[in-house]
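J.: Chains as they are written, first to last, in the working numbering: chain S, 565 to 687; chain Z, 101 to 228. Just dropping this structure here.
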């Protein structure tokens with residue numbers, strides 16, 4: 565009666581619950597950030613400390629706005645994936661799930677607020 | 101028999117047992133810097149939101165982010181960002197099973213430590 569293969573029965577039951585998706589996701593976002601971070605440091609760092617009008621005019625330009633939005637989206641995804649690994653290593657049981665869910669809300673929320681703010685200045 | 105001595109079983113050795121080494125300390129710092137960057141990230145999002153809202157709100161957020169305390173947070177975060185970036189490159193190299201020999205792994209550790217300091221000073225000079 566073995567309609568399921570051994571592999572199918574084993575999938576999802578390991579300590580990690582899944583395969584290498586999480587590892588591969590972090591690798592993709594890390595390579596993306598390797599390109600984005602220098603651009604972000606020197607665009608955001610350059611305008612930080614300027615006046616309200618200068619900041620508004622700066623993020624109305626496409627390059628700084630797109631760099632900042634991409635860095636926030638990819639950066640918060642990468643942060644959330646990394647924080648999940650931290651929690652999975654040190655916290656177990658119900659708090660493990662609460663912390664992962666909570667930080668996922670904060671990560672996606674912060675990225676959404678940041679992208680909204682940039683879009684508002686850019687448009 | 102399975103729960104004889106439960107809770108008092110010897111555990112495998114952990115951090116407090118091992119002498120700190122360059123490779124272990126730089127690895128722990130990778131995790132600390134990556135997670136600590138949430139502070140600067142949230143501050144930057146707040147600053148952007150304020151900049152998109154109006155001059156009054158911007159004065160509040162900008163005043164905090166560019167205060168002496170904000171400067172310290174941003175300076176430390178800049179170092180954390182470069183450190184985490186270089187340590188990430190080290191992981192991308194190790195993922196290909198390259199430079200895992202002890203002497204070469206330690207060399208990568210020094211590159212991350214010294215390189216992050218150099219990049220931080222360089223970017224502060226450029227952005228000043």
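Just so you know, even glycine gets a beta-carbon here, dropped at the ideal spot from N, CA and C. No experiment lies behind these values; they were computed from the predicted model shown.
(1) Within this structure, are the beta carbons of residue 682(S) and residue 624(S) separated by less than 7 Å?
(2) What are the residues in the segment 172 to 195 of chain Z lying within 8 Å of chain S by C-beta distance?
(3) Beta-carbon separation of residue 631(S) and residue 149(Z) under 7 Å?
(4) Quick check: the Cα distance between residue 206(Z) and residue 577(S), rounded to an integer number of angstroms?
(5) Which residues in chain S have a C-beta closer than 8 Å to the C-beta of residue 151(Z)? List them in chain order.
(6) Quick one: give me the first and last residue of the alpha helix (DSSP H) that residue 685(S) is part of.
(7) Indicate whether residue 642(S) and residue 582(S) have their beta-carbon atoms separated by less than 7 Å.
(8) Closer than 7 Å, CB to CB, is residue 594(S) near chain Z or not?
(9) Between residue 166(Z) and residue 613(S), how many whole angstroms is the CB-CB distance? I'm expecting something under 8 Å.
(10) If we ignore side chains and look at the alpha-carbon of each, how far apart do residue 619(S) and residue 122(Z) end up?
(11) Which residues, in chain order, does the segment 632 to 650 of chain S contribute to contact with chain A at a C-beta distance below 9 Å?
(12) Which residues in chain S sit within 8 Å of residue 217(Z), going by Cβ to Cβ distance?
(13) Any Cβ of chain Z within less than 7 Å of the Cβ of residue 655(S)?
(14) Check for me: the alpha helix (DSSP H) holding residue 590(S) runs from which residue to which?
(15) Are any of the Cβ atoms in chain Z nearer than 7 Å to that of residue 678(S)?
(16) For the alpha helix (DSSP H) that contains residue 644(S), what are its first and last residues?
T.: Answer, in terms of the structure:
(1) Result no, Cβ atoms of residue 682(S) and residue 624(S) do not sit closer than 7 Å.
(2) The residues in question are 174, 178, 181, 185, 188, 189, 191, 192 and 195.
(3) Not closer than 7 Å, so no.
(4) Cα to Cα, residue 206(Z) sits roughly 36 Å from residue 577(S).
(5) Ordered by position in chain S, the residues that pass the 8 Å Cβ test against residue 151(Z) are 616, 619, 620, 623, 681 and 685.
(6) 658 to 686 is the extent of the alpha helix (DSSP H) around residue 685(S).
(7) No.
(8) Closer than 7 Å to some Cβ of chain Z, the Cβ of residue 594(S) qualifies, so yes.
(9) Between residue 613(S) and residue 166(Z) the Cβ distance is about 5 Å, and since that is below 8 Å, they are a contact.
(10) Taking the straight line from one Cα to the other gives about 42 Å.
(11) Absent from the structure: chain A. Protein chains present are S and Z.
(12) Chain order gives no chain S residues near residue 217(Z), where near means a beta carbon separation below 8 Å; the closest approach is about 15 Å.
(13) It does not: the Cβ of residue 655(S) has no partner Cβ on chain Z nearer than 7 Å.
(14) Where residue 590(S) is concerned, the enclosing alpha helix (DSSP H) stretches over 585 to 611.
(15) Taking 7 Å as the CB threshold, residue 678(S) lines the interface with chain Z.
(16) First-last of the alpha helix (DSSP H) with residue 644(S): 626 to 654.
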